[in-house]
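Here is the structure we will look at, set down as structure tokens.
Protein chains: 2
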Amino acid sequence: MPDNKVAMEKIVSLCKRRGFIFPSSEIYGGLGSCWDYGPVGIELKRNIKDAWWKSIVQERDDVVGIDTSIIMHPGVWEASGHVKGFTDPLVECKSCHLRWKASDMDGKACPQCGGELTEPRMFNLMFKTFMGPVEEEASTVYLRPETAQGMFVNLQNVLNTSRKKLPLGIAQIGKAFRNEITPGNFIFRTREFEQMELEYFVKPGTDEYWFDFWVKERFNWYINLGIRQENLRLRLHGKDELAHYARDCYDVEYLFPMGWSELEGIANRGDYDLTQHAQHSGKDLSYYDGDSNERYIPYVIEPSAGVDRSLLALLIDAYHEEEVEGETRVVMRLNPSIAPIKVAVLPLSRNKKLAPLAGGIYQQLCSSFMTCYDDSQSIGRRYRRQDEIGTPFCVTIDFQSLEDNQVTIRERDSLAQIRLPVEELDRTLRAKLKGESFDVSPLWATRQK
Amino acid sequence: MPDNKVAMEKIVSLCKRRGFIFPSSEIYGGLGSCWDYGPVGIELKRNIKDAWWKSIVQERDDVVGIDTSIIMHPGVWEASGHVKGFTDPLVECKSCHLRWKASDMDGKACPQCGGELTEPRMFNLMFKTFMGPVEEEASTVYLRPETAQGMFVNLQNVLNTSRKKLPLGIAQIGKAFRNEITPGNFIFRTREFEQMELEYFVKPGTDEYWFDFWVKERFNWYINLGIRQENLRLRLHGKDELAHYARDCYDVEYLFPMGWSELEGIANRGDYDLTQHAQHSGKDLSYYDGDSNERYIPYVIEPSAGVDRSLLALLIDAYHEEEVEGETRVVMRLNPSIAPIKVAVLPLSRNKKLAPLAGGIYQQLCSSFMTCYDDSQSIGRRYRRQDEIGTPFCVTIDFQSLEDNQVTIRERDSLAQIRLPVEELDRTLRAKLKGESFDVSPLWATRQK
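If you're matching them up, the sequences are chains B and L in order.
Numbering that gives the first Met the number 0 puts the last residue of the first sequence at 448; the count rises by one with no breaks.
Numbering that gives the first Met the number 0 puts the last residue of the second sequence at 448; the count rises by one with no breaks.
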């Protein structure tokens with residue numbers, strides 16, 4: 000394990016304890032590799048997805064969003080190569096009929112019963128189901144193993160309706176499903192997962208420029224979210240490991256507890272996908288370029304990121320243990336922009352006199368920020384909880400507040416405590432969350448222990 | 000068709016033409032009842048979901064969010080009654096083996112081939128698939144037909160980690176799947192759809208109070224989103240139509256082109272779900288109430304809304320045709336808070352002199368608002384497009400702007416045009432989007448034709 004890293008067990012435990020992530024269907028014993036995001040986890044996930052959408056779709060005039068269905072026409076997966084090619088070799092036990100990944104079983108007998116194993120056979124990783132009332136081949140459909148095909152089959156619709164020209168990106172965030180034989184490492188590899196994918200269509204010949212552009216852009220996105228640069232790297236795929244459709248591919252890798260592993264792949268897919276869909280659908284998927292008076296099949300650059308993996312990397316990178324007054328403090332140093340809860344409103348104790356002021360402050364803040372209110376147990380335990388979920392600011396209301404209408408902001412990272420008038424709270428928190436330097440008004444700023 | 004209503008065909012056509020909604024996998028001939036949200040549609044959908052999340056989760060201290068997996072342990076659906084009870088009676092043709100809804104076929108022969116039909120048999124509406132490498136009964140799992148069960152099985156985890164007491168709500172937005180025999184009416188009834196569900200857990204005896212509370216709250220939510228009150232109504236379920244688990248149920252209905260139809264159901268489910276899960280899982284799902292020193296199974300009030308239906312109702316309600324200077328103007332009067340694009344930046348013509356100023360304004364606005372830039376075709380056609388996607392404000396840059404650094408805001412609804420300095424743009428649009436009255440500075444305000 001890299002020595003700057005926390006053990007995965009600590010992350011799994013914190014996630015369960017604080018409401019980031021629970022095992023799915025836990026009261027029924029769980030379901031292999033399925034996880035549920037709890038109250039804190041879903042806010043973190045929403046913030047990551049929103050940050051991606053803002054940087055990719057909202058702030059770019061050359062990218063639009065889309066949201067396509069999980070169940071698509073089966074012809075899509077014929078054309079994409081997933082029906083034939085998206086397979087793993089498995090062996091089956093001749094006695095108990097359990098199946099195993101062939102590459103793990105070389106020359107061994109069944110790990111379950113010791114029985115003899117068959118020769119390897121190909122197993123498709125797509126989940127299949129039946130649409131309509133009849134269970135037969137004609138009604139077989141698949142859960143999409145990637146969101147990308149939704150963009151390829153909609154390119155013409157998007158061009159016709161959006162008044163955009165190439166280069167043009169189409170972006171999507173959504174669930175995908177792969178019947179992995181060996182899921183694992185918490186939420187790193189799961190059978191149900193969420194993707195953030197961009198298909199960026201360009202004129203052939205400009206693809207290498209845009210490939211480089213997106214590799215840099217996407218690497219920097221993780222840094223801007225607060226992941227330390229020394230835990231990130233770019234790895235160029237060797238020609239022998241490139242997927243058949245890819246002309247080039249970089250992985251953005253993160254130093255997970257199990258070693259360097261892929262966060263995102265940025266691939267130059269050339270015209271593979273559109274050509275396949277043109278052939279299989281019989282539709283003309285070429286593009287008329289009015290500037291150069293040419294018609295061509297666009298090339299596509301695909302940055303494909305995992306929501307769950309990004310979230311896991313952010314949790315691992317934010318995890319810190321430190322000594323404070325002889326005790327170990329666990330603190331999640333999440334970038335305030337993605338922290339699940341921005342502000343915790345904490346009356347010093349559960350007291351009828353403090354409740355109206357504290358409640359009023361909560362009501363005022365919660366329409367601007369994701370805010371929580373907590374008046375149970377000691378203030379020390381409540382600070383500890385907020386540290387463990389990464390809340391950047393706690394607002395403490397004490398008995399003096401009733402007299403001077405001032406409250407205390409406690410900062411997660413510096414542990415600094417700053418006292419200020421209630422009417423300055425919204426403006427100050429807004430500035431702090433934007434990362435603006437804190438404008439300490441000399442009239443009221445008093446730094447406390 | 001109600002006379003205040005647009006025909007569904009006009010909505011479907013506008014959705015396709017302007018990039019709200021496309022038929023899924025259209026280049027392959029489409030896939031029954033599956034739809035894809037285009038660049039404009041996904042922004043509208045995001046805004047609706049965010050508005051729900053803000054009002055239900057962010058602004059309430061007694062509700063937390065969650066995000067559970069689509070594939071859950073099959074025991075969940077045994078306990079919930081979906082494996083046994085979630086069925087429709089079908090008949091099968093003895094010649095061609097197609098199946099039909101029994102209630103449509105009373106005494107008839109097969110509509111496909113004229114063959115004889117079997118007696119009705121029960122058909123389960125859940126999509127089933129296989130998890131893991133072996134396709135057999137033991138590995139059968141289902142795509143969830145509702146998100147609600149994710150909240151019931153996680154109540155204990157949420158209580159243990161969130162430091163909350165009852166009443167406590169758990170909210171989720173996510174996809175659900177039902178193998179409907181007769182989907183239809185555009186995105187009103189589809190096999191893959193998205194839900195916004197709240198399970199609000201309360202002490203028995205307080206359930207009627209909270210049932211009434213949530214019925215009012217949810218009805219008002221649609222009004223606040225801009226749906227006209229005369230097109231909404233509440234309908235109390237008769238005792239004979241209540242689901243077996245429900246003690247009471249109101250539907251929020253909207254006057255769709257096909258008549259009054261359900262947008263959302265608000266049900267008092269009593270302790271049915273938690274009791275079922277306690278029995279099937281063997282886990283104690285009771286709640287210890289420290290205030291009253293009692294232990295009980297909470298009752299649950301469930302407001303369950305459809306994302307796609309809400310979006311369809313908002314589109315229909317916003318659709319207006321009016322005469323402007325002898326031409327028919329189609330305008331979507333969407334509430335600015337949910338409009339897909341808030342601001343369109345439109346240089347008067349595609350001109351190298353206008354581009355730098357217009358581009359700079361786009362760059363400035365797009366980090367604050369969902370903004371689009373369009374410099375193709377005539378300004379009239381571009382206004383028409385923005386009207387049809389419901390953009391509340393267009394910012395027009397003309398040649399005079401290069402001299403006086405002023406631009407024109409054109410308002411979608413009033414068609415008023417207001418000229419103002421570029422540096423006032425962000426502040427003014429922000430105020431207008433919040434619905435604040437427009438602070439017309441007398442120095443520069445000039446109302447144009």
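The C-beta atom is built at its ideal place from N, Cα and C for all residues, glycine as well.
Residues bridged to residue i [DSSP beta-bridge criterion]
i: residue 64/L; result: 170/L
i: residue 34/L; result: 22/L
i: residue 231/L; result: 253/L
i: residue 192/L; result: 175/L
i: residue 86/B; result: 123/B
i: residue 327/L; result: 322/L
i: residue 248/B; result: 266/B
i: residue 302/B; result: 265/B
i: residue 258/L; result: 255/L
i: residue 100/B; result: 89/B
i: residue 201/L; result: 298/L
i: residue 287/L; result: 294/L
Under 7 angstroms from the C-beta of residue i: neighbouring residues of chain L
i: residue 233/B; result: Ordered by position in chain L, no residue passes the 7 angstroms Cβ test against residue 233/B, which lies about 27 angstroms from the chain.
i: residue 190/B; result: 130
i: residue 469/B; result: The shown model of chain B, from 0 to 448, leaves out residue 469/B, and the question about it has no answer.
i: residue 389/B; result: Per Cβ cutoff of 7 angstroms: no residues; residue 389/B is ~15 angstroms from chain L at best.
Neighbour list for residue i in chain B, Cβ cutoff strictly below 7 angstroms
i: residue 34/L; result: 68
i: residue 17/L; result: 160
i: residue 63/L; result: 38
i: residue 280/L; result: 26 and 27
i: residue 75/L; result: 24 and 27
i: residue 361/L; result: 60
Chain-order list of residues whose beta-carbon lies under 7 angstroms from that of residue i (same chain, five-residue window excluded)
i: residue 56/B; result: 62, 63, 64 and 170
i: residue 445/B; result: Note that residue 445/B scores a pLDDT of 36, beneath 50, so its modelled location is shaky and nothing firm can be said.
i: residue 175/L; result: 143, 144, 145, 146, 192 and 194
i: residue 375/L; result: 349
i: residue 264/B; result: 248, 250 and 303
i: residue 434/B; result: none
i: residue 228/L; result: 222
i: residue 308/L; result: 187 and 262
i: residue 400/B; result: 356 and 406
Cut-off 8 angstroms between Cβ atoms - residues of its own chain near residue i, not counting five sequence neighbours on either side
i: residue 384/L; result: 17 and 373
i: residue 179/L; result: 32, 124, 188, 189 and 190
i: residue 386/B; result: 328, 329, 330, 331 and 411
i: residue 275/B; result: 78, 79 and 80
i: residue 71/B; result: 140, 141, 143, 148, 149 and 152
i: residue 128/L; result: 70, 139, 140, 141 and 142
Cutoff 6 angstroms; reference residue i; Cβ partners in own chain excluding five residues on either side
i: residue 14/L; result: 20
i: residue 436/L; result: Residue placement at residue 436/L is flagged as unreliable, the pLDDT there being 48, under the threshold of 50; a coordinate-derived value is accordingly withheld.
i: residue 368/B; result: 341 and 342
i: residue 393/L; result: 343, 345, 385 and 409
Amino acids of chain L, ordered along the chain, whose beta-carbon sits closer than 8 angstroms to that of residue i
i: residue 58/B; result: 365 and 366
i: residue 42/B; result: 64
i: residue 152/B; result: 24, 25, 26 and 27
i: residue 424/B; result: Residues of chain L passing the Cβ test: none, with the nearest at roughly 17 angstroms.
Cβ distance (whole Å) where residue i is taken to contact residue j below 8 angstroms
i: residue 249/L; j: residue 231/L; result: About 12 angstroms; that fails the 8 angstroms criterion.
i: residue 198/B; j: residue 58/B; result: Not quite, the Cβ-Cβ distance comes to about 18 angstroms (not below 8 angstroms), so this is no contact.
i: residue 165/B; j: residue 201/B; result: 6 angstroms
i: residue 37/B; j: residue 156/L; result: 7 angstroms
i: residue 117/L; j: residue 100/L; result: Actually they do not touch by this definition, with Cβ atoms about 13 angstroms apart.
i: residue 218/L; j: residue 315/L; result: In fact, because the Cβ distance is near 18 angstroms, the residues do not count as touching under 8 angstroms.
i: residue 35/B; j: residue 23/B; result: 5 angstroms
Neighbouring residues, chain B, relative to residue i (Cβ below 9 angstroms)
i: residue 178/L; result: 128, 129, 130, 131 and 132
Where residue i meets chain B, residues with beta-carbon distance less than 8 angstroms
i: residue 369/L; result: 57
i: residue 30/L; result: 68, 70, 71, 72, 130 and 140
i: residue 122/L; result: 132
Partners in chain L for residue i, counting only beta-carbon separations shorter than 9 angstroms
i: residue 307/B; result: By Cβ distance, chain L contributes nothing, its closest Cβ being about 11 angstroms from residue 307/B, past 9 angstroms.
i: residue 157/B; result: 18, 21, 37 and 38
> Could you give the uninterrupted runs of the alpha helix (DSSP H) lying entirely in the segment 345-409 of chain L, keeping only those of 4 residues or more?
Replying inline: 354-365, 378-388 and 398-403
> Enumerated in chain order, which unbroken segments of the alpha helix (DSSP H) with a length of 4 residues or greater are wholly contained in the segment 122-170 of chain L?
Replying inline: 147-161
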